[in-house]
Amino acid sequence: MGYFFDRRGRDYLILEGGQRPGSFFETYPRHRKLISINKVYTGSADPEFNLRHDWNSLLSDGHNPLFKEFSHEFFPQAESLLAYLEAFVERHGIRVRYDAPVSRVSREGDRFVVESADGDLISCSYLVVATGVSKPYIPEIPGIELAEGYEDVSVNPADFVNQRVLIIGKGNSAFETADNLVGTAALIHLVSPKSIDMAWKTHYVGDLRAVNNNILDTYQLKSQNAVIDADTRSIKRRADGLFAVTFAYRHAEDEVEELVYDRVIRCTGFCFDASIFDASCRPELTISDRFPRLTCEWESVNQPNLYFAGTLMQSRSYRKSTSGFIHGFRYNVRLLDRILGEKNHQEPWPADAIPLEPATLSNRVLDRVNSGSDLWQQQAFLGDLLVVGPDGAAEHRSGLPLGYIREKYLDQGRHCFVTTLEFGSGGGDDPFKSARIRRDNVARAADSNFLHPAIREYRDGVMLSEHHVIEDLEARWEEEEHVMPLRGYFEQRLQAARAAASDARIPALRIVQGEAPVPAPAGASALAS
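First residue of the sequence shown? That's 152 in this note's numbering, and the numbers climb one at a time after it.
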C-alpha cells in the first residue's frame, strides 16, 4: 500500500510496531517453512505470467525486486521473506516509522487520531489498517487455558520424547506442529469438530497443504497417531500432572470418551485484534468476530474512511479466494489504491476503449486469461469488465472485485460482460479420478472441472447469457476449440443487443458485424459478491 501511495505522491505514513517490515514473520510460522510457493523456473520470461507461480513477491512497476532474488526454495524459509520485505522497503523508499506500536485509535469529527505507545498523536483523514490476524483465536472449551499455545510452545522435538500429545486444531499450524513431533512423541492426536479439508481438493490454499500432511500416513498405516473429528468437551489436569480430555465423537454414534495426555497444544488459528479502537470508531466485526466487516471497497461498513489491507481483506471472500495470502491480497491492495484515487482524487479508473467486434472482444478476453496473474491467483473473485457503450465501442477494465462490479456497474443498469477464471463443480470426491471433457467437445465446456474462463453477460443487473471456454491441460486457451466458440458467442450476443436496441426505450447500438453466431452452452450462474 505504501508503494502505491508513494508512487502517486500521497501524504502517507506507515506505523510499524516492530523493528523491521514483516516482523510477524520473525515468529511465524513457528517451524519457519512457508507454505507460499516460490516457483522460480516456469519456462516463461513473461514476468506477469511468472507471478502466477510466485506467491511471495509484491507488485511494483518493473517487478523490482522479486522474491526469487532471495530464495530458490520451492517452500522458502520465513527469513527469506523478511529479507525480501526489507529490500522492497529500501529499494522504493517507502515511509515507515518503526518501533511505533499503536495503543489507541479514536475519531474526532471527520479525522482519526492514532496514538502510539510512546504517546505520540497522529491525525489523518483516512486510516488503512494492515495489522493482519495478530491475536490467537481461543475456542470456548472448558479448561482451554491449560493448553500450550502454538505461539509459544517449544519447537524442539526433544522436549516431547515418549510423550502422549494432543493437538487441538486441524489446520496447517496444527499439522506443521504434529509433523515436527512425529519422530519423538509416543502418540499424537489431532482433534477438531470438522473433518480436514485438503487444499488439493477444495482449491483453497489455506486448507491443509500436502507439505504438512505427512502424519496422515502414520494414522492410516497404524503407527499410533490419529486424526479425530470430535467436540472437545473439557480439559482437566489430574493429580499426577497429566491431562484428562473428554471428547464427543462426531462419527462414532455420539460416543463420549476420556483420554489422557502428557501435553495439550492449542493450534486454533488467529484473529484480528480490534482492541486498539475506542468506542468512537470501533469497526463492526464478522466471522465469529475474527475479521472486520467490509464493503466491496474494503472499507469498514460502519466507520467511513477506515479501510483494511492485507490478510484482513479476506473477510469479503472468506475461504473462497486467496485474499488471505500475499499472492491474493497484493492485487486487492493495488485495487484499493485505485479505488481511493477515483473517490478522493478524481483519478479515472484505467480503461481501454476497444471496438465492439467479436474477434477483437474474444482476443482481448483470451489475451488476459492466457497471461494475467490477477485473474489466475484470485479465481472467481476478480473479473475483467467489458462495458458496452452506445458508440460502437466497449470499455475494458482489468481485474476488478466481482462485488465491486456488481455494485458500481451491474446495478447501475449497464450492459456488461464479465470474465473470470474459475473451477468447475463436477470434480466429485476425488479430483484425481474425475472425468474430463474431451477438448473438442465444446458443447460441454460448462462442465469443465479444472480452472477455465467463464464469460457472463449482464444488463440492468440481470444475467442474460453465459459462455465457458473448455479447460486446457496447460491452461493455454489459444486453439480453435477455444477461439471460435468464444468469437461466435460474442457475435450472437452483439446481434441480440442490436435487436434489443430497436426498442425505442434502449439507446441505439452500432454493432460491427462478424462471423455467423455459434450457440453458447446452456447454464446459469449468479455473480459472486
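For glycine and all other residues, C-beta sits at the position ideal for the given N, C-alpha and C. Predicted, not measured: the structure shown is a model, and the values here were computed from it.
Candidates the options, of which the one nearest residue i by Cα
i    : options                : result
Q170 : P252, H204, S231, E220 : P252
S431 : E259, K471, D518       : E259
Q454 : S374, S257, N364, I292 : S257
A350 : R360, A229, E493, V342 : R360
E408 : Y400, R414, V415       : Y400
F394 : S513, E622, G294, A325 : G294
E167 : P180, T193, F156, R246 : R246
F480 : E508, W449, N514, G492 : W449
A309 : D157, T335, D250       : T335
L341 : F326, L332, F421, G357 : F326
T282 : P344, T328, P172, R262 : P172
S385 : S343, D358, E224       : S343
C685 : Y458, S426, D518       : Because residue 685 is not part of the residues shown, which for the chain are 152 to 680, the question remains open.
Y355 : T419, E241, R248, E573 : E573
G420 : D368, V280, F156, G357 : G357
V280 : F225, I438, Q528, N456 : N456
K345 : Y370, A329, A268, I319 : I319
N215 : E224, F226, L236       : L236
S324 : V304, N313, V452, V312 : V304
E630 : N514, G612, G564       : N514
L507 : V415, L278, T353, A648 : A648
L338 : S267, S254, I273, V415 : V415
W269 : D250, R262, I289       : In the sequence as displayed, the identity of residue 269 is Asp instead of Trp. Cα-wise, what sits closest to D269 is D250.
Spatial neighbours of residue i in its chain, beta-carbon cut-off 7 Å, leaving aside the 5 residues before and after
i    : result
R161 : none
S195 : N201
A504 : A544, E546
Cβ distance (whole Å) where residue i is taken to contact residue j below 8 Å
i    : j    : result
T570 : G534 : 6 Å
N483 : M464 : 5 Å
A510 : R638 : 6 Å
I621 : A586 : Between A586 and I621 the Cβ distance is about 14 Å, and since that is not below 8 Å, they are no contact.
I366 : V333 : 6 Å
R467 : L445 : 6 Å
R548 : L536 : 4 Å
C447 : G612 : That belief does not hold up - the Cβ atoms of C447 and G612 are roughly 14 Å apart, past 8 Å.
C-alpha distance - residue i paired with residue j, whole-angstrom precision
i    : j    : result
A298 : H243 : 43 Å
G523 : E302 : 37 Å
K387 : V284 : 29 Å
N363 : D581 : 19 Å
A655 : Q643 : With a pLDDT of 45 at A655, under the threshold of 50, the modelled position of this residue cannot be trusted, and the question is left open.
E632 : D591 : 6 Å
V306 : P180 : 11 Å
K321 : H478 : 23 Å
S472 : S231 : 25 Å
P604 : M152 : 29 Å
V265 : I292 : 35 Å
K184 : F428 : 33 Å
S222 : R315 : 37 Å
E404 : F423 : 36 Å
D391 : E296 : 18 Å
A460 : D348 : 27 Å
A229 : Q371 : 31 Å
A659 : S254 : Here A659 scores only 41 on pLDDT, less than 50, and its place in the model is too uncertain to base an answer on.
6 Å Cβ shell around residue i - same chain, five flanking residues per side excluded
i    : result
R610 : H566
G575 : S599, N600
G300 : P287, R417
L233 : G173, F176
Residues near residue i by beta carbon distance below 8 Å, same chain, minus five either side
i    : result
S211 : Y154, F239, H243
G492 : R159, E498
R489 : E498, W500, P501
task: Please specify which runs of the alpha helix (DSSP H), each continuous and at least 4 residues long, are wholly inside the stretch 188 to 226, giving them in chain order.
output: 198 to 201
query: Which whole runs of the beta strand (DSSP E) in the stretch 288 to 364 are 3 residues long or more, in chain order?
result: 315 to 319, 338 to 343
- prompt: Along the chain, which unbroken stretches of the beta strand (DSSP E) at least 3 residues long are found entirely within the stretch 462 to 545?
  reply: If you keep only unbroken beta strand (DSSP E) runs of at least 3 residues inside the stretch 462 to 545, you get 503 to 506, 533 to 539.
message: Report the start-end ranges of each alpha helix (DSSP H) in the stretch 594 to 639 that is 4 residues or longer and not cut off at the edges.
response: Fully enclosed alpha helix (DSSP H) runs of 4 or longer: not present.
message: Ignoring anything shorter than 3 residues, give me the beta strand (DSSP E) runs that lie fully in the stretch 401 to 431, in order along the chain.
response: 407 to 412, 414 to 417
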